Amino acid sequence: AQTVTQSQPEMSVQEAETVTLSCTYDTSESNYYLFWYKQPPSRQMILVIRQEAYKQQNATENRFSVNFQKAAKSFSLKISDSQLGDTAMYFCAFMTPNQGGKLIFGQGTELSVKP
Amino acid sequence: SAVISQKPSRDICQRGTSLTIQCQVDSQVTMMFWYRQQPGQSLTLIATANQGSEATYESGFVIDKFPISRPNLTFSTLTVSNMSPEDSSIYLCSASRTQGYNEQFFGPGTRLTVL
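Those protein sequences? They're chains A and B, same order as listed.
Going by our numbering, the first residue of the first sequence is number 517, and it counts up by one from there.
Going by our numbering, the first residue of the second sequence is number 427, and it counts up by one from there.
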C-alpha cells in the first residue's frame, strides 16, 4: 500500500524568506504522480504544483519549486520569497495512474508566514 | 479549471439522522470523488462517484452508511446516514476532467457537526 508522510506538523517563516516543506512516500510503483495542495484557512484546497515521476527535472511554478528525489522517495516543496498569503495547510499527495484518480494525502504541514 | 460548489456549507445534526450533501461542478467532468477530513486531520477518500453506475468505495466505507449518487457529469450527492458524533468532519467533493495526471479541483467542503 502506498503511504505519504509529512513529518513537520507545523512550520513558520518570516515574510520574504524561504521555507522547505518535507514529504516522503512509499510505493513499489515506478510510474506515479506527486502533488502539493494548499488549503488556506476556511478556503478551498488548490493545487500548488505537480510532478510526474518519470520526469527528472524538478517542477517549478513561480515562487514554488520541488526537490524530487525518486530514489529516496522524497518530494519536498520550497517556497521562495514567502508571502502572508502563503499561510495555509499544505498537503503532499500521491497518485498512481491505475487507481482511478485516487489521491493519497499526507498528514499536512501547517505553515504560518509571519510579518 | 472547474468551479465546484457544495450545499450545505455547514450543518449541525442530531444523532441518528441523515444528511445529504450536494456537489455541483460548473462543467462536465469524468471523475468525481468524495473525501472526509476529520478535525485537524488529512483527507481520506470515501468513494469515487461513477456516472451511471454504483460508486466505488474505499476500505472502511460502505454504501449503507455513505450512499452516493451521480446522475450526470456535473452533479453528485453524498448521504451520511444514521449519523453519530464520530461522523463530525468536513466532507469535500472533488472532480477531475480525466483519470490520472490531472488536477483535481476541490469544493469548499461541508462542515458537519453531529450532536
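Backbone N, C-alpha and C fix where the C-beta goes; we use that ideal spot for every residue, glycine too.
Predicted, not measured: the structure shown is a model, and the values here were computed from it.
Pick helix, strand or coil for A:Asp597, following the three-state DSSP scheme. Here A:Asp597 sits in coil by DSSP.
What's the C-alpha gap between B:Asp490 and B:Ser502? In a straight line, the C-alpha of B:Asp490 is about 17 Å away from that of B:Ser502.
Looking at chain B, is there any beta carbon in it that lies within less than 7 Å of the beta carbon of A:Phe580? Interface residue (Cβ-Cβ distance to chain B less than 7 Å): A:Phe580 is not classified as such.
What does the alpha-carbon distance come out to for the pair A:Pro613 and B:Ser485? Computed Cα separation, rounded: 19 Å.
Taking contact to mean at least 3 C-beta pairs separated by less than 8 Å, is the segment 526-539 of chain A in contact with the segment 624-631 of chain A? Yes, the segment 526-539 of chain A is in contact with the segment 624-631 of chain A.
Which residues of the segment 604-627 of chain A have a Cβ closer than 7 Å to any Cβ of chain B? Give them in chain order. Listed by position along the chain: Phe607, Pro613, Gly616, Gly617, Lys618, Leu619, Phe621, Gly622, Gln623, Gly624.
Restricting to runs no shorter than 3 residues, where is the beta strand (DSSP E) found entirely within the segment 544-595 of chain A? Taking only runs of at least 3 residues, the beta strand (DSSP E) segments lying wholly in the segment 544-595 of chain A are 549-555, 562-568, 580-585, 590-595.
Can you give me the C-alpha to C-alpha distance between B:Gln530 and A:Pro631, rounded to a whole angstrom? Taking the straight line from one Cα to the other gives about 32 Å.
Members of the segment 503-533 of chain B near chain A, C-beta cut-off 9 Å: Here the close residues are Leu518, Ser520, Ser522, Thr524, Gln525, Gly526, Tyr527, Asn528, Glu529, Gln530, Phe531, Phe532, Gly533.
Beta-carbon contacts of A:Glu533 that lie in its chain and below 7 Å, excluding the five residues immediately before and after: Closer than 7 Å at the Cβ level, and outside the excluded window around A:Glu533, lie Ser598.
Decide yes or no for the touch test of the segment 493-501 of chain B against the segment 447-464 of chain B: beta carbon pairs closer than 8 Å, at least 3 of them. Touching, yes.
Our contact map puts B:Phe459 next to B:Thr474 with C-beta atoms below 8 Å; I'd like the distance itself, whole angstroms only. Between B:Thr474 and B:Phe459 the Cβ distance is about 6 Å, and since that is below 8 Å, they are a contact.
With distances taken Cα to Cα, identify the nearest neighbour of A:Glu526 among B:Gln467, B:Arg496, B:Met457, B:Gly478. Nearest of B:Gln467, B:Arg496, B:Met457, B:Gly478 to A:Glu526, Cα basis: B:Gln467.
Beta bridge counterpart(s) of B:Thr446 as assigned by DSSP: According to DSSP, B:Thr446 bridges with B:Thr505.
Which residues does DSSP list as the beta-bridge partners of B:Tyr477? According to the sequence provided, residue 477 of chain B is Gln. The question's Tyr does not apply to it. In DSSP, B:Gln477 forms no bridge with anything.
Got a sec: is the Cβ-Cβ distance from A:Met561 to anything in chain B below 7 Å? Judged by the 7 Å Cβ criterion, A:Met561 is in contact with chain B.
Coarse secondary structure for B:Glu512, derived from DSSP in three states: Reduced to three states, the DSSP call for B:Glu512 is helix.
In the DSSP assignment, find the beta strand (DSSP E) that holds B:Ile438 and state where it starts and stops. Where B:Ile438 is concerned, the enclosing beta strand (DSSP E) stretches over 436-439.
What whole-angstrom Cβ distance do A:Gln567 and A:Met561 have, given they're in contact under 8 Å? The pair is not a contact, with the Cβ atoms about 18 Å apart (cut-off 8 Å).
DSSP three-state call for A:Asp542: helix, strand or coil? Reduced to three states, the DSSP call for A:Asp542 is strand.
Whole angstroms are fine: how far does the CA of A:Phe584 sit from the CA of A:Thr543? Approximately 15 Å, taken between the alpha carbons.
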